[in-house]
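J.: Residue numbers (my numbering): 3 to 185.
I have a structure I would like to understand better, so I am pasting it below and will then ask my questions one at a time.
Right under this line is the structure:
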């Protein structure tokens with residue numbers, strides 16, 4: 003009887019298109035070649051931030067936290083890329099893996115020239131257990147970068163600070179933008 007009920011639930015979930023959990027911003031890495039799931043992101047002031055709001059130009063998403071040294075090392079690249087591409091590329095920062103007050107303070111201090119959302123650790127932990135996050139490997143590693151094309155399809159995802167053979171930090175975004183035709 004239990005197996006039959008479970009099968010009925012699974013069938014209704016499949017038919018209705020209901021997903022077992024709400025998507026997180028980290029799920030962008032699972033969607034290369036597809037449109038990302040609808041995400042509920044909020045800016046520091048609480049206003050909504052939709053990744054698909056500005057179709058017609060690529061969207062670059064940068065996940066970071068104030069305590070993350072590699073994230074802080076990547077920020078000068080992100081700022082320089084915004085200065086170079088900001089008119090042709092939609093830039094979105096997302097402060098992740100810290101509590102809301104710390105994230106809000108971090109975003110205020112940083113005075114980013116682009117929109118920044120906050121995805122607090124408590125929200126992620128409520129959706130995906132910390133043990134599952136650890137077992138997922140690089141998926142929840144920051145910094146994390148995602149590039150969505152002008153049609154809303156995730157094209158590239160990279161996790162962690164990119165480094166060259168000598169160990170120096172490098173900026174991958176310009177090469178990925180060039181592949182999308184943005185010079």
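We treat Cβ as the ideally placed atom computed from N, Cα and C, and that holds for glycine.
1) Taking residue 1 as the reference, which of 141, 104, 171 and 178 has the closest Cα?
2) Is it true that the stretch 69–77 meets the stretch 145–164, where meeting means three or more beta-carbon pairs spaced less than 8 Å apart?
3) Use the C-beta contact count for residue 40: other C-beta atoms within 10 angstroms, 16 or more gives buried, fewer gives exposed.
4) Counting C-beta neighbours from all protein chains within 10 Å, is the total for residue 53 16 or more, i.e. buried, or is it exposed?
5) Please state whether DSSP places residue 116 in a helix, a strand or coil.
6) Which residue's Cα is closest to the Cα of residue 67: 115, 102, 185 and 171?
7) Please classify residue 194 as buried or exposed, where buried requires at least 16 neighbouring CB atoms within 10 angstroms.
8) Hey, residue 118 and residue 45: beta-carbon distance below 8 Å or not?
9) Return the first residue and the last residue of the beta strand (DSSP E) that residue 44 is part of.
10) What does residue 123 pair with, by DSSP beta-bridge criteria?
11) Is it buried or exposed, residue 136, if we count other Cβ atoms within 10 angstroms and call 16 or more buried?
T.: The structure says:
1) Missing from the structure shown is residue 1; the chain here goes from 3 to 185 and no further.
2) yes
3) exposed
4) buried
5) coil
6) 102
7) This structure cannot speak to residue 194, because the chain is shown only from 3 to 185.
8) yes
9) 43–45
10) None, per the DSSP bridge assignment.
11) exposed
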